[in-house]
Amino acid sequence: MKHKQQTALLMVIDAVGLSTLEYLLDKFPGKVKLPNLSRLGLGEIVRPEYRKRFPVKSAGKAYAARVSQVSATADSLVGHREMMGVLDDRTYDLFPDGFDKKYLAELAKRIGRKTFFNKMAAGMEAIELNAAEHERTGSPIAYASKCDPLIQLAMNEAVIPVHEQHKIADTAFALAMEMGIPMRIHPSDLAPTNNHWKRGPHIHIGDFHIPVEPGYVPTIVEGYIHLN
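Here it is, written out as structure tokens:
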């Protein structure tokens, strides 16, 4: 007998947690209308004083819950895994002073290009400050995220082809694991437009993650199969 393939659809509304939503309800009274999310039960998980703002009742087609962080670090990737049931008690530090010079020196040897900048910065800030030098030298812009424990490598595909960007990201991640530096690698593609810079179409050419350690189960997959 063939088993029907079971699928779970997870929809994430980025940067709108319940506390943010409640702030918006206070800031714009009567203007926040979310009828579809209300039918899925959103009005049942906000704090009691906000429930009257959701006149559309749950249609009983979804289960809504208010959850809190369990994993040790509030990192984007860790949070995504936690939503799937993969808990992580490891801690990861940010890089407020940039990255280890030995790491960057060895990376330069392996990829044949020096990186530069090496500071903590917002993405567009790092790109706008350094795009001209990147185009002139062909060196990737290395900068530390303000939110997550990762090195971001910004490169323009007109300067460094996408296939080479892949190799650089692969090498950067392998070296970090080899040196015992717990961090992710996120290569960002740059695209100039109207004398301004923006993230290009290949921004997600790869996001190289710290592997999940064995034993962090059950995940949503095991749980879903068990319940059904």
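For the sequence shown, the numbering used here begins at -7 and goes up steadily by one. Glycine residues also receive a C-beta, built at the ideal position from the N, C-alpha and C atoms. Quick caveat, the model's predicted, so the values are computed rather than measured.
Query	Result
If I'm right that Ala51 touches Arg31 with Cβ under 8 angstroms, what's the distance once you round it to whole angstroms?	4 angstroms
Does Ile5 pass the burial test, meaning 16 or more other C-beta atoms within 10 Å, or should it be called exposed?	exposed
Between Lys19 and Leu13, what straight-line distance do the alpha-carbon atoms span, to the nearest angstrom?	10 angstroms
Kindly give me the distance between the Cβ atoms of Ala164 and Leu142, rounded to whole angstroms, as I take these residues to be in contact under 8 angstroms.	Not a contact, Cβ separation roughly 10 angstroms.
Looking at the structure shown, is Met116 part of a helix, part of a strand, or coil, going by DSSP?	helix
Give the single residue among Lys101, Glu120, Gln(-3), Ala150 whose Cα lies nearest to the Cα of Gly130.	Ala150
Could you check the C-alpha separation between Leu17 and Tyr42 for me, to the nearest Å?	8 angstroms
Starting from Gln157, follow the alpha helix (DSSP H) in both directions and report where the run begins and ends.	154 to 170
Based on the DSSP output, what are the partners of His178 in its beta bridges?	Gln144
Could you round the C-beta distance between Ile152 and Tyr95 to whole angstroms and report it? I think they count as a contact, below 8 angstroms.	About 19 angstroms separates the two Cβ atoms, so there is no contact after all.
If Arg102 and Leu167 are in contact, beta carbons under 8 angstroms, what's the gap, nearest whole angstrom?	7 angstroms
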